[in-house]
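Asker:
Number of protein chains: 4
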Amino acid sequence: MGKEKLILGISASPRKDANTDILMKIALEEAGQADNIKTELLYLRDYKIEYCKGCFACCKEGAANMDRPCPIYKDDMGFLADKLLECSALFIGCPVYFGTVPGQLKAFMDRTEGLLRYSTSKYKYGLSNKIGAGLVVGGNRNGGEEMTLLALYHYYMIHNMIVIGTGPDRTPGCYLGACATTYPQSGQVSDAVLQDQLGIKSAKMAGRRLAEVLNMMKD
Amino acid sequence: MGKEKLILGISASPRKDANTDILMKIALEEAGQADNIKTELLYLRDYKIEYCKGCFACCKEGAANMDRPCPIYKDDMGFLADKLLECSALFIGCPVYFGTVPGQLKAFMDRTEGLLRYSTSKYKYGLSNKIGAGLVVGGNRNGGEEMTLLALYHYYMIHNMIVIGTGPDRTPGCYLGACATTYPQSGQVSDAVLQDQLGIKSAKMAGRRLAEVLNMMKD
Amino acid sequence: MGKEKLILGISASPRKDANTDILMKIALEEAGQADNIKTELLYLRDYKIEYCKGCFACCKEGAANMDRPCPIYKDDMGFLADKLLECSALFIGCPVYFGTVPGQLKAFMDRTEGLLRYSTSKYKYGLSNKIGAGLVVGGNRNGGEEMTLLALYHYYMIHNMIVIGTGPDRTPGCYLGACATTYPQSGQVSDAVLQDQLGIKSAKMAGRRLAEVLNMMKD
Amino acid sequence: MGKEKLILGISASPRKDANTDILMKIALEEAGQADNIKTELLYLRDYKIEYCKGCFACCKEGAANMDRPCPIYKDDMGFLADKLLECSALFIGCPVYFGTVPGQLKAFMDRTEGLLRYSTSKYKYGLSNKIGAGLVVGGNRNGGEEMTLLALYHYYMIHNMIVIGTGPDRTPGCYLGACATTYPQSGQVSDAVLQDQLGIKSAKMAGRRLAEVLNMMKD
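Residue numbers (the numbering used here), protein chains in the order written: chain A, 1 to 219; chain B, 1001 to 1219; chain C, 2001 to 2219; chain D, 3001 to 3219.
(1) For a contact meaning CB atoms closer than 9 Å, what does C/M2077 contact in chain B?
(2) Between the stretch 2095-2113 of chain C and the stretch 2130-2143 of chain C, do at least 3 Cβ pairs fall closer than 8 Å?
(3) Is B/L1198 close to chain A, meaning its C-beta is less than 8 Å from at least one C-beta of that chain?
(4) Among all the DSSP beta bridges, which residues are the ones paired with A/V96?
(5) Would you say A/G173 reaches chain G, if we count a Cβ-Cβ gap shorter than 8 Å as a contact?
(6) Under 8 Å between C-beta atoms, does C/D2017 make it to chain A?
(7) Figure out for me which residue from D/P3014, D/G3144, D/P3071, D/N3129 has the closest Cα to the Cα of C/G2177.
(8) Apart from the five residues just before and just after B/C1052, which ones in its own chain have a Cβ nearer than 7 Å to its Cβ?
(9) With a threshold of 7 Å on Cβ separation, who are the neighbours of D/Q3185 within its own chain once the five nearest residues in sequence on each side are excluded?
(10) Please list, in chain order, all residues of the same chain as A/L210 whose beta carbon is under 7 Å from its beta carbon, the five residues on each side excluded.
(11) Please confirm whether B/F1098 has its beta-carbon closer than 8 Å to some beta-carbon of chain D.
(12) Would you call the stretch 1011-1024 of chain B and the stretch 1065-1080 of chain B in contact, with 3 or more CB pairs under 8 Å?
(13) Does any residue of chain A bring its CB to less than 8 Å from the CB of D/V3163?
(14) Between the alpha carbons of B/E1029 and B/G1207, how many angstroms are there, rounded?
(15) Starting from D/Y3156, trace the alpha helix (DSSP H) both ways and give me its first and last residue.
(16) Could you give the DSSP three-state label for A/G167: helix, strand or coil?
(17) May I ask which residues mark the beginning and end of the alpha helix (DSSP H) holding C/D2202?
(18) Quick one: what does DSSP say B/T1112 is sitting in, helix, strand or coil?
(19) To the nearest angstrom, how far is the alpha carbon of C/L2152 from that of C/I2162?
(20) Rounded C-beta distance between C/G2126 and C/L2080? I'm assuming under 8 Å.
(21) Using C-beta distances below 6 Å, list every residue in its chain close to C/Y2123, excluding the 5 sequence neighbours before and after it, in chain order.
(22) Strictly below 7 Å CB to CB, what residues from chain C border B/G1167?
(23) For D/M3024 versus D/L3041, is the C-beta spacing smaller than 8 Å?
(24) Chain D beta carbons: is any one of them nearer than 8 Å to that of B/C1052?
(25) Helix, strand or coil for A/T20 per DSSP?
(26) Please list, in chain order, all residues of the same chain as D/Y3156 whose beta carbon is under 6 Å from its beta carbon, the five residues on each side excluded.
(27) Could you round the C-beta distance between D/C3174 and D/T3166 to whole angstroms and report it? I think they count as a contact, below 8 Å.
(28) Does DSSP classify B/G1009 as helix, strand or coil?
(29) Quick one: complete alpha helix (DSSP H) runs, 4+ long, within the stretch 2031-2099 of chain C?
(30) Assign D/G3062 to one of two classes, buried (16 or more other C-beta atoms within 10 Å of its C-beta) or exposed (fewer than that).
(31) Could you work out which residue in D/T3120, D/C3055, D/E3004 is closest to B/S1190 when comparing CA atoms only?
(32) Between the Cα of B/N1160 and those of C/S2128, C/M2147, C/E2212, spot the shortest distance and give me the residue it belongs to.
(33) Which residues mark the beginning and the end of the beta strand (DSSP E) in which B/T1181 is found?
(34) Determine the closest residue to A/I72 out of A/N65, A/K83, A/A57, A/A64, with distance taken between C-alpha atoms.
(35) Residues of chain C with CB under 9 Å from A/F56, in chain order?
(36) Under 7 Å Cβ-Cβ, which residues of chain C neighbour D/E3212?
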């Protein structure tokens, strides 16, 4: 039996218990059925995250002895960065806002600068070689779901991660990743995705695929 | 009354009278309802188009006196290039193949090198300042429709064109352009898009928007 | 002589007087040389912008009588929205953060929900039919510049805007829009773009093109 | 010692011994330095490839007993498909044509339909779980390199492959994959990339990364 590996899910919807949360739970429950996989789900809205101000402090000498990746702000990024170090796979889920990731998620992404190759702290290479997957929920049928997934994957690749899609099944809905829509209901309906059978299937496939690829890697 | 302007539609499906053709006709019929607009629809499969071999002959002196943009091949690109010069707007429609435009369409796009800023012939700037719109049909619900539209728009921008989406209506299906899917039927069903009400709406909106923006421009 | 039209520049760098600000000034100065064009440059860092919380209040009846697009937050989005109504073209410039727009810019973009077709206020269709252009500065040579421009253009299209690139000149550096890099210097060098001749050319071209297309439109 | 794994390189430039070929050789030589890795390089221009005509014959019963994935055309796709089955990683390199992959490469990509989940032949799942990497050469500095890499990755994901970038080193030029430019020389200069130190570094990094990730996978 292999080492147990953690899939860290991050739900980046500002709305509690709504569509993105619902699908992330479904996807992670599916992933957790596989051998050697444990999962955890964080809600980005529960954390205080300042905007990165582009000061490069995380890349300078002063960061080397810090217990958090960003020397400037004492917000919740320290806690979140420790979680990122701990996981074997990162699975970000979010609603589509104006064709790409929402502002709060982008702020979080920006603040992981201190986990990059340019960092001087123990957080350097913090996400390197981990597996990345994505889940998105759009209000329109083709309203930015693909671009949002590609924005996540670009982010993962900058962190030297390994990127996967939805697996080998037929009609995945979206090959790039888990993809659901609240259409034909309004995005205001907070559980509209429960009517989106293809979206639910897609979420399960992404979760299963993530576990599968983790188990293809050497420990 | 303004000058009559031509919207040139190009359907780039290899399949006659199938989904892409059907929607292009619907979109162009809608566009043609507007004042001062005439439309024409070509089918790319009717033309012989060689692959560009990257020889830059169209950018060299020898091209200056040619009656076609590519000095090398005597295929149908001469005819097609003349059509491109004639139009005020270019409206390409295609099925999604492996997440972007099909091979034959890409071959056509590549062969318009002689209409670019680097050309030495009368075809130079052949598409400059014209309006560009796109229509795509995917076999999966979120299987590359956005990326295919963006590939078309990137192409239009390289030609110094002006790019538009689907207009001001609610629930356009896709803001980027006309977007339909053969799902939940198989792409093998050649008129599956007739069941896709959102796709049909999206096609009409793109056609209407194209006419509208043409009429916003000075003659 | 036509009506004077306003190009509203928004610099979305957190760093004052650094690379993005420098290039936005160069681009807008170039645009301002054209007939009938005036320009204004705002710095996003000067404004307080809350994250959109996806409550749809701007789409509900209560928003109809508001003097700002978002009924929830009394931050600076009211002022910024009034500026957006006033302009004929929107020209957003930003650094590339993790392959796309920075968090603060994304937060601003998200908060323009109340200018969309779904709004009930006077801000509805606030950006419709306006011209959109983009300028980006990357720390790596090919580190997300294209994706960042496409994220801006997707946003513009959702707002029913008209999108342009860099114009007809040879070797634009990037056809999609103004594009510069701080490479081979570090992004820490706050005026590194002054060494990027192609980036400066690209910024000027985008500014000039924006003015040119504005003057192609009927008043 | 592990099983030897094959990286199959495909150079999709129409120009023999020019920039793309040069960089693909450099990248594969670097990859071949790693343990357990062998490499092979094919030149797409050497093969005859018909356009896919969207007939779905590869997904129908008749394909089950074929010795090639496409029952329709007896061109070189049979040979190429056998090579695809044989490899553990696929590494496609191409010039950027109008912001994405060249027509001939797209035609090849389209013709791998018979290796997908929808196939009925022994080629079904032919690329599933293999690693995918990309290398691109642009004529402009930011002229579609990113979009071309993303088009390759979208293709890989449709085939259920695993996608990687350029590894953990500093200043990779492009995080998404190997990325070079013939600028400031003209693309007409067939060895212009030899002046692009960042492009060469990027090619080596992608090759090295591909070998590294192959060796992270269980046999």
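Cβ coordinates follow ideal geometry from the N, Cα and C atoms, glycine included. Remember, predicted model here, so these are calculated numbers, not experimental data.
Answerer: On the basis of the supplied data:
(1) By 1-based counting over the third sequence, the position of residue 2077 of chain C is 77. Residues of chain B passing the Cβ test: none, with the nearest at roughly 21 Å.
(2) With the cut-off at 8 Å, the stretch 2095-2113 of chain C and the stretch 2130-2143 of chain C touch.
(3) Within the second sequence, numbered from 1, the residue matching residue 1198 of chain B stands at position 198. Taking a beta-carbon distance threshold of 8 Å, B/L1198 counts as an interface residue toward chain A.
(4) Residue mapping note: residue 96 of chain A aligns to position 96 of the first sequence, counting from 1. According to DSSP, A/V96 bridges with nothing at all.
(5) Checking the listed chains, one finds no chain G in this structure; the protein chains it contains are A, B, C and D.
(6) For the purposes of this step, residue 2017 of chain C is identified with residue 17 of the third sequence, where counting begins at 1. Closer than 8 Å: no.
(7) As a first step, residue 2177 of chain C is located in the third sequence; it is residue number 177 there, counting from the start. Answer by Cα proximity: D/G3144.
(8) What you label residue 1052 of chain B is simply residue 52 of the second sequence in a count that begins at 1. So the qualifying residues of the chain are D1110, R1111, E1113.
(9) Numbered from 1 along the fourth sequence, position 185 holds the residue referred to as residue 3185 of chain D. Contacts found: A3192, Q3195.
(10) Here the question's residue 210 of chain A lines up with position 210 in the first sequence. I7, A31, A89, F91, I131, A133, I164.
(11) Position 98 of the second sequence, counting from 1, holds the residue named residue 1098 of chain B. Yes, because at least one Cβ of chain D sits closer than 8 Å to the Cβ of B/F1098.
(12) No contact exists between the stretch 1011-1024 of chain B and the stretch 1065-1080 of chain B.
(13) On the fourth sequence, residue 3163 of chain D is found 163 positions in, with the first residue counted as 1. Yes, D/V3163 lies at the interface with chain A (some Cβ there is under 8 Å from its Cβ).
(14) The sequence position of residue 1029 of chain B within the second sequence is 29, counting from 1. The sequence position of residue 1207 of chain B within the second sequence is 207, counting from 1. Here the alpha carbons of B/G1207 and B/E1029 stand approximately 8 Å from one another.
(15) To locate residue 3156 of chain D, count along the fourth sequence from 1; it is residue 156. D/Y3156: member of the alpha helix (DSSP H) spanning 3145-3158, first to last residue.
(16) By one-based count along the first sequence, residue 167 of chain A stands at place 167. Of the three classes helix, strand and coil, the one that applies to A/G167 here is coil, per DSSP.
(17) Taking the first residue of the third sequence as position 1, residue 2202 of chain C is located at position 202. The question names Asp, but residue 2202 of chain C is Ser in the sequence shown. Note, C/S2202: alpha helix (DSSP H), 2197-2216.
(18) Numbered from 1 along the second sequence, position 112 holds the residue referred to as residue 1112 of chain B. The DSSP-derived three-state label of B/T1112 is helix.
(19) Counting from 1 along the third sequence, the entry for residue 2152 of chain C is found at position 152. Counting from 1 along the third sequence, the entry for residue 2162 of chain C is found at position 162. In a straight line, the C-alpha of C/L2152 is about 12 Å away from that of C/I2162.
(20) Counting from 1 along the third sequence, the entry for residue 2126 of chain C is found at position 126. Counting from 1 along the third sequence, the entry for residue 2080 of chain C is found at position 80. Wrong, their Cβ atoms sit about 11 Å apart, outside the cutoff.
(21) Counting from one through the third sequence, the residue named residue 2123 of chain C turns up at place 123. Within the same chain, Cβ atoms closer than 6 Å to the Cβ of C/Y2123 are found at P2069, A2081, G2114, L2115, the five residues on either side in sequence being excluded.
(22) Position 167 of the second sequence, counting from 1, holds the residue named residue 1167 of chain B. Result: N2160.
(23) Taking the fourth sequence and counting its residues from 1, the one referred to as residue 3024 of chain D is at position 24. Taking the fourth sequence and counting its residues from 1, the one referred to as residue 3041 of chain D is at position 41. Less than 8 Å separates the beta-carbon of D/M3024 from that of D/L3041.
(24) What you label residue 1052 of chain B is simply residue 52 of the second sequence in a count that begins at 1. So, interface residue.
(25) Looking up residue 20 of chain A in the first sequence gives position 20. Correct three-state label for A/T20: helix.
(26) One-based indexing of the fourth sequence puts residue 3156 of chain D at position 156. Spatial neighbours of D/Y3156 in its own chain (CB-CB distance under 6 Å, excluding positions within 5 residues in sequence) are listed in chain order as G3132, V3163.
(27) Start at 1 with the first residue of the fourth sequence, and residue 3174 of chain D comes out as number 174. Start at 1 with the first residue of the fourth sequence, and residue 3166 of chain D comes out as number 166. Going by Cβ atoms, the distance from D/C3174 to D/T3166 rounds to 7 Å, so yes, they are a contact pair.
(28) As a working mapping, residue 1009 of chain B is identified with position 9 in the second sequence. In the structure shown, B/G1009 sits in a strand (DSSP, three-state: E or B).
(29) Fully enclosed alpha helix (DSSP H) runs of 4 or longer: 2077-2086.
(30) Along the fourth sequence, read from residue 1 onward, the residue named residue 3062 of chain D stands at position 62. Counting Cβ neighbours within 10 Å, D/G3062 comes out exposed, since fewer than 16 surround it.
(31) Here residue 1190 of chain B refers to the residue found at position 190 of the second sequence. Taking the Cα of B/S1190 as reference, the smallest distance to any Cα among D/T3120, D/C3055, D/E3004 is reached at D/C3055.
(32) For the purposes of this step, residue 1160 of chain B is taken as the residue at position 160 of the second sequence. In this structure, C/E2212 is the residue among C/S2128, C/M2147, C/E2212 with its C-alpha nearest to the C-alpha of B/N1160.
(33) Residue 1181 of chain B sits at position 181 when you count from the first residue of the second sequence. In the DSSP annotation of this structure, the continuous segment of the beta strand (DSSP E) that includes B/T1181 starts and ends at 1178-1181.
(34) Walking along the first sequence from the start, residue 72 of chain A turns up at place 72. Of the listed residues, the one whose Cα sits closest to A/I72 is A/A57.
(35) In the first sequence, counting from the first residue as 1, residue 56 of chain A sits at position 56. Result: S2186, G2187, Q2188.
(36) Walking along the fourth sequence from the start, residue 3212 of chain D turns up at place 212. Near D/E3212 there are no residues of chain C at all, since even the closest Cβ is about 20 Å away, more than 7 Å.
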